[in-house]
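Chains as they are written, first to last, in numbering that gives the first Met the number 0: chain A, 0 to 468; chain B, 0 to 419; chain C, 0 to 304. Report on the following structure.
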Amino acid sequence: MLQRELEAIVGERNVLWRASELLVYENDALPGYRRRPRLAVFPGTRDEVIAVVAALWRAGMPFVPRGAGTGLSGGAVADDIVVLGLQRLKQVLALNAGARTATVEPGVVNATLTKAATPFGLHYAPDPSSQTACTIGGNVAENAGGPHCLKYGVTLNHVLAATVLLPNGEIIALEAPRADRAGYDLMGAFVGSEGCFGVALDVTVRLTPNPEQVVTLLSVFSSLDDAARAVSAVIAEGVLPSAFEMMDNPTIRAVEASIYAAGYPLDAAAVLLTELDGAAAGIAEDVQIVERLSRACGATDVRTATDAADRARLWQGRKKAFGALGRIAPDLVVQDAVVPRTRLAPILAKIAEIGQRLNVRLCNVFHAGDGNLHPCIPYDASDADESARVHAAMKEVMELCIAEGGSITGEHGVGSDKMAYMDRLFATESLDAMCRLRDAFDAERRANPGKVIPSRHCREWMSVRGVEA
Amino acid sequence: MTARAPLPGSELCVHCGFCLQACPTYLALDDENDSPRGRIVLMKALAAGTIADTDPFVGLHLDQCLGCRACETACPAGVPYGQMLEATRERQASVRPTPLVARLVLRVFERPVVLGIVMFGARVLRATRLPWLLAKLPGRIGASMAMLASTRRPGGGRARVALPSSTVPAAGTLTKVATLDGCVMEGLFASTNRATERVLAINGFAVTAAPGQQCCGALHVHAGDADAARALARVNIAAFEQSGAALIAVNSAGCGAMLKEYGHLLKDDAAWRERATLFSKRVKDVTELLADVGPRAVTPSADAPRVTYDAPCHLLHAQRIADAPLRVLRATGATLIPLPDAEQCCGSAGLYSLVEPSLSLRVLSPKLAHIANTGAQVVATGNPGCLMHIGAGLVRSGAHAVARHPVELLDDAYAAERTS
Amino acid sequence: MTTTSITNVRDLADTVRAAFEDGTPLRITTCGTWPESLRSVRSGATTLDCSAITGIVEYIPGDLTLTARAGTTLAELEEATARHGQWCPLSPWGTDAGSFGATMATATRGPLTTALGAPRDLALGIECVDGTGAVIRGGGRVVKNVAGFDLTRLMVGSWGTLAILTEISVRLRARPAVDETWSVPLDGDGVTERLHVLRQGVYAPLACEMFHGAAARAVGLSADAALVRLGGNAGFVAAARSALRTASTNAAPHDPAVWTRAREVHAAPVLQTLAGAIDRPLDRRVKAQFDPRHILNPGLFAESA
Ligand SMILES: Cc1cc2nc3c(=O)[nH]c(=O)nc-3n(C[C@H](O)[C@H](O)[C@H](O)COP(=O)(O)OP(=O)(O)OC[C@H]3O[C@@H](n4cnc5c(N)ncnc54)[C@H](O)[C@@H]3O)c2cc1C
Ligand code: SF4
Ligand code: SF4
Numbered sequence: 000m001l002q003r004e005l006e007a008i009v010g011e012r013n014v015l016w017r018a019s020e021l022l023v024y025e026n027d028a029l030p031g032y033r034r035r036p037r038l039a040v041f042p043g044t045r046d047e048v049i050a051v052v053a054a055l056w057r058a059g060m061p062f063v064p065r066g067a068g069t070g071l072s073g074g075a076v077a078d079d080i081v082v083l084g085l086q087r088l089k090q091v092l093a094l095n096a097g098a099r100t101a102t103v104e105p106g107v108v109n110a111t112l113t114k115a116a117t118p119f120g121l122h123y124a125p126d127p128s129s130q131t132a133c134t135i136g137g138n139v140a141e142n143a144g145g146p147h148c149l150k151y152g153v154t155l156n157h158v159l160a161a162t163v164l165l166p167n168g169e170i171i172a173l174e175a176p177r178a179d180r181a182g183y184d185l186m187g188a189f190v191g192s193e194g195c196f197g198v199a200l201d202v203t204v205r206l207t208p209n210p211e212q213v214v215t216l217l218s219v220f221s222s223l224d225d226a227a228r229a230v231s232a233v234i235a236e237g238v239l240p241s242a243f244e245m246m247d248n249p250t251i252r253a254v255e256a257s258i259y260a261a262g263y264p265l266d267a268a269a270v271l272l273t274e275l276d277g278a279a280a281g282i283a284e285d286v287q288i289v290e291r292l293s294r295a296c297g298a299t300d301v302r303t304a305t306d307a308a309d310r311a312r313l314w315q316g317r318k319k320a321f322g323a324l325g326r327i328a329p330d331l332v333v334q335d336a337v338v339p340r341t342r343l344a345p346i347l348a349k350i351a352e353i354g355q356r357l358n359v360r361l362c363n364v365f366h367a368g369d370g371n372l373h374p375c376i377p378y379d380a381s382d383a384d385e386s387a388r389v390h391a392a393m394k395e396v397m398e399l400c401i402a403e404g405g406s407i408t409g410e411h412g413v414g415s416d417k418m419a420y421m422d423r424l425f426a427t428e429s430l431d432a433m434c435r436l437r438d439a440f441d442a443e444r445r446a447n448p449g450k451v452i453p454s455r456h457c458r459e460w461m462s463v464r465g466v467e468a
Numbered sequence: 000m001t002a003r004a005p006l007p008g009s010e011l012c013v014h015c016g017f018c019l020q021a022c023p024t025y026l027a028l029d030d031e032n033d034s035p036r037g038r039i040v041l042m043k044a045l046a047a048g049t050i051a052d053t054d055p056f057v058g059l060h061l062d063q064c065l066g067c068r069a070c071e072t073a074c075p076a077g078v079p080y081g082q083m084l085e086a087t088r089e090r091q092a093s094v095r096p097t098p099l100v101a102r103l104v105l106r107v108f109e110r111p112v113v114l115g116i117v118m119f120g121a122r123v124l125r126a127t128r129l130p131w132l133l134a135k136l137p138g139r140i141g142a143s144m145a146m147l148a149s150t151r152r153p154g155g156g157r158a159r160v161a162l163p164s165s166t167v168p169a170a171g172t173l174t175k176v177a178t179l180d181g182c183v184m185e186g187l188f189a190s191t192n193r194a195t196e197r198v199l200a201i202n203g204f205a206v207t208a209a210p211g212q213q214c215c216g217a218l219h220v221h222a223g224d225a226d227a228a229r230a231l232a233r234v235n236i237a238a239f240e241q242s243g244a245a246l247i248a249v250n251s252a253g254c255g256a257m258l259k260e261y262g263h264l265l266k267d268d269a270a271w272r273e274r275a276t277l278f279s280k281r282v283k284d285v286t287e288l289l290a291d292v293g294p295r296a297v298t299p300s301a302d303a304p305r306v307t308y309d310a311p312c313h314l315l316h317a318q319r320i321a322d323a324p325l326r327v328l329r330a331t332g333a334t335l336i337p338l339p340d341a342e343q344c345c346g347s348a349g350l351y352s353l354v355e356p357s358l359s360l361r362v363l364s365p366k367l368a369h370i371a372n373t374g375a376q377v378v379a380t381g382n383p384g385c386l387m388h389i390g391a392g393l394v395r396s397g398a399h400a401v402a403r404h405p406v407e408l409l410d411d412a413y414a415a416e417r418t419s
Numbered sequence: 000m001t002t003t004s005i006t007n008v009r010d011l012a013d014t015v016r017a018a019f020e021d022g023t024p025l026r027i028t029t030c031g032t033w034p035e036s037l038r039s040v041r042s043g044a045t046t047l048d049c050s051a052i053t054g055i056v057e058y059i060p061g062d063l064t065l066t067a068r069a070g071t072t073l074a075e076l077e078e079a080t081a082r083h084g085q086w087c088p089l090s091p092w093g094t095d096a097g098s099f100g101a102t103m104a105t106a107t108r109g110p111l112t113t114a115l116g117a118p119r120d121l122a123l124g125i126e127c128v129d130g131t132g133a134v135i136r137g138g139g140r141v142v143k144n145v146a147g148f149d150l151t152r153l154m155v156g157s158w159g160t161l162a163i164l165t166e167i168s169v170r171l172r173a174r175p176a177v178d179e180t181w182s183v184p185l186d187g188d189g190v191t192e193r194l195h196v197l198r199q200g201v202y203a204p205l206a207c208e209m210f211h212g213a214a215a216r217a218v219g220l221s222a223d224a225a226l227v228r229l230g231g232n233a234g235f236v237a238a239a240r241s242a243l244r245t246a247s248t249n250a251a252p253h254d255p256a257v258w259t260r261a262r263e264v265h266a267a268p269v270l271q272t273l274a275g276a277i278d279r280p281l282d283r284r285v286k287a288q289f290d291p292r293h294i295l296n297p298g299l300f301a302e303s304a
């Protein structure tokens, strides 16, 4: 029996099978998707992962890799299959300060890696707002971004190599292309594969030197439109802030009511958090440009963080904003669309219009510099009428972003949640090509099946297996 | 089923996971059932009736919670975890028996006379070398002996001593403060209580006693026996009202957190609700009082000890007091060395170290390692449970550092200043 | 050896589908400025000239993104973006007569790569025709996108052995306000090491390339030297300049036109690495999924079939 076999590998305490103990593993951080796994297994070493995956392969049992379960797309949820939790693999295997690289196990928490690098004046640059909780394995699987990815790039740009275990037991060393080595960029293909290609057993990442100087600006606006225009103006001017984040009034209020109150003005229609960093020389010029353009677009106040503590406070507010929205209503939906940065102002206006028309509480907190919107709606799922309106609103928002030439996800991944939009974005031939890429890694669909691409678009899979759409 | 779970506060949780890395038991056990997010899911399901109150595994995960409330200070949504846990433990108490050790201890703490005898016995034992000899024994005996050993102070000092008159400002205009004795504090750390009184007086408070006070009831609430706690709360509120003090000074973070929650504890008791709320507002941690007036500082001497500070959960997470103890420590003139992960629980957690000894020690071990790395001679922390748990860990590991209350250190510094 | 010239994606798809059905091997070329890159492709393959699939499809300067067809030359991109004070900092080894498509397909790096990103870092989305004649799109035109599995990274750098790129979207950069080139004689006493430290530090240059012996002469340098390019706003470059002068007191301003020649001189060494580069089972499974009949640039990687 599979359960016994797994227990023999990882010990009884690390296999969960009781319904009560599986409850918390029924969803990731998007509580809307609940699926009951059959088992959850937590290997504690790389060898145990390999043995577990081999046992699952023999048993014909598909599995879903899971890191910290902070995903926002219903990615790490398992419908009557096995959850393979990697949270126990949390060793930093190597940290080479000279070469500025670190090799970590997949369960290492993003912020823990930066903490390990701090004594060397280094940090791990991709900083999803969930960084104090999410794992590097999950970051690689989702190609996670974060506020500072505007300047420093997303996970893809920082992963140098990984050892990947395919569901069939094959272990492959993937490496980002280098000047001296050609070959398919399967490292690039693996990043963002949402647990559907295999399990990352270890990941080697680039560490980034801490900047010599950091300037954080809080700009206050009396209209969302002004703030959006300021973002477009700064980007078009060619200044590259390290981070450029926007929060609207409902979000500001939620943050200010929380333990992470940052001192954002409660009456502002929107605030922009802009950070410029790098060499000390030259920053002042960029700060002036940002300030000038912000004021020209109608900023009523632009203030600079006074010291490191003040900066940390301003950032904590932003990074915990999504959680803080939890206090508005029992349930929360969050989307992750990307739009061209010149279109921010008109799109935000249309989103507001959608919110008003459908009478839902649309809040915005997002990576403005990338045009990566995170419209959130707090609501009460037990109110059927409100739920229907919320879902209608989200659908309209997504369609709007697609129509504007954008994408349905900038960093959270497709998972279960955004599958329905995939064929609005891609033709069947393209979706089929994505399926083929997956087939090269996992032809049997044993890793995280049923996610990302609706199976009706996979020609091969359909014809051979006769799977229902 | 979409019916709302009747567990107030649980609806705030958005499942974001920010609390995971703050939770000592998740870090030690790596199962979300032993994390705040997981326990909230379990508590919600218990309240909604989707899992049985008698499920032993659910019970285990809830029992393994330290109640340190580090999850609360990590939670952006403001989930009142501590209150939810207490509510759940209260329900659970009726279906799942409290462990025998815990029950025994609770009954003792409810009875001042019995408690007095037990504490007396403990002090007699402490006066022998026995606790030191037995401290290295494995299991509960060794742990308890090490704890006892760690509470010993040179010079003892149980009697309430008269203050040196020159240091006491003129009475009359002063804020009148009553001190909480605290069962363990008065039983095993009497010298710290006396130090507290002296330090408060030197800093301009009129210190008064509040006779008739009893155990604060914190251990009872944590064990799910809220009724016993309510009875104790009523006794204490009355006693402190009698004392006529404007403020109540507490030097035990666990007790302080409890006293500050009397308002919540008695919220359904019409006769006491308001008195309790008023009372809770007057409760202050002793470091909070001192920080408010800016404690009189001692000029640092060349041989000032190297001190590191570990934040008691019930001060930092429950009472949200972070800075005040550091200000007190700075006033002692000591060299302060930051302690990595000072905000993480040491594993003491009231009766926890007795009920879950092995997990409790797993939580403690990184703490001891961090302390050793600082090279500090003294670990300051303002809670008897932490003083004993860390103190015991230091004794058992043969470390040279000792655990002390910040106010004790300030008192020592004042004394040294007087003699020099 | 026959050559077929293609002008649009539909025709390309039809041609490849026909070749797929017949098993006709295809040699894919665009501007043909780098013929030796295809020297290991099986002889007798039909040459597919894609240089006529050309033109900028969309360029919105305010978004700093651009979409162009594969046959567009780098010179054309350079000209279009320069007008708005922007650039597509591919600047690969070779010449600007080369095509956008080939640069991305071969993921050719250049002197700016370390500072501004390799082709895989700049690419946002692609359109391509695979070895079965299917027209495939991956990614998009916005600067952040994780919708679906990453066909963009897969195709960039696959040397036309999985699919023929027809259109690529990239992120652009604002041109630095100040952009100046220096030459630093490599005259011993640790200057190479000091330049290395400079590259790792906060005043890292946009480019830093060393030229020795014949290469130095070919570039027109009188002796072994490093070419260093400093870029940024005035304040930054002023500080970077003094950092460079500290690294070498002999650093001297140089004509920036030197980079054109430098890129040509450096172009050759890339090719040795191709043989056997895709020989693992996983590589072969990927190949089989996209070019099951091995008709796209067959033999290029000298892969065992
Ligand atoms: C409050 C909040 C803020 C957030 N902010 C951001 C943000 O700013 N930017 C951003 O990009 N995301 C953000 N997220 C989303 C989420 O944190 C990221 O997607 C993160 O990368 C998920 O990591 P995880 O460890 O929690 O992964 P999980 O949720 O556990 O899993 C996510 C996916 O990764 C797969 N996976 C996990 N580990 C492995 C492995 N070792 N090998 C293969 N596959 C694996 C899973 O199967 C699943 O498909 C936020 C989430 C929250 C709750
Ligand atoms: S941090 Fe708060 S909202 Fe987030 S999972 Fe934990 S308890 Fe729930
Ligand atoms: S109270 Fe402490 S041990 Fe319990 S869930 Fe919260 S953080 Fe974890």
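Backbone N, C-alpha and C define an ideal beta-carbon position, used for all residues, glycine too. Keep in mind that this is a model prediction, so the values were computed, not measured.
Examine chain C for any beta-carbon lying closer than 9 angstroms to the beta-carbon of residue i, and answer yes or no.
i, result
"H373 of chain A", "no"
"K349 of chain A", "no"
"I452 of chain A", "yes"
Which residues mark the beginning and the end of the alpha helix (DSSP H) in which residue i is found?
i, result
"L386 of chain B", "383-395"
Residue i to residue j, Cα distance in whole Å?
i, j, result
"A233 of chain C", "A176 of chain C", "7 angstroms"
"C434 of chain A", "A252 of chain B", "58 angstroms"
"A126 of chain B", "S190 of chain B", "15 angstroms"
"S39 of chain C", "P291 of chain C", "19 angstroms"
"T111 of chain A", "A21 of chain B", "12 angstroms"
Suppose the cutoff is 7 angstroms on Cβ atoms and the five residues either side in sequence are ignored; what does the same chain contact list for residue i look like?
i, result
"G120 of chain A", "P208, N209"
Output needed for residue i: all residues of its chain with C-beta closer than 8 angstroms, excluding positions within five of it in sequence on either side, in chain order.
i, result
"P99 of chain A", "Reading off the sequence, residue 99 of chain A comes out as Arg, not Pro. So the list reads L121, R205, L206, T207, P208, once near-sequence residues are dropped."
"S9 of chain B", "I39, M42, K43, A46, V78, M83"
For residue i, which residues of its own chain have a beta-carbon under 6 angstroms away from its beta-carbon, when the five flanking residues on both sides are left out?
i, result
"P55 of chain B", "none"
"A290 of chain B", "A323, R326"
Output the boundary residues of the beta strand (DSSP E) element that contains residue i.
i, result
"K283 of chain B", "282-284"
Consider the Cβ of residue i: report whether some Cβ of chain A lies at a distance smaller than 9 angstroms.
i, result
"N296 of chain C", "no"
(request) Could you please tell me which residues of the region 256-269 of chain A, in chain order, have their CB closer than 8 angstroms to any CB of chain B? (result) A256, S257, I258, Y259
(request) With 7 angstroms as the limit, tell me which residues of the region 328-348 of chain A have their beta carbon closer than that to any beta carbon of chain C; keep them in chain order. (result) V337, V338, P339, R340, T341
(request) With 7 angstroms as the limit, tell me which residues of the region 180-205 of chain C have their beta carbon closer than that to any beta carbon of chain A; keep them in chain order. (result) V201, Y202
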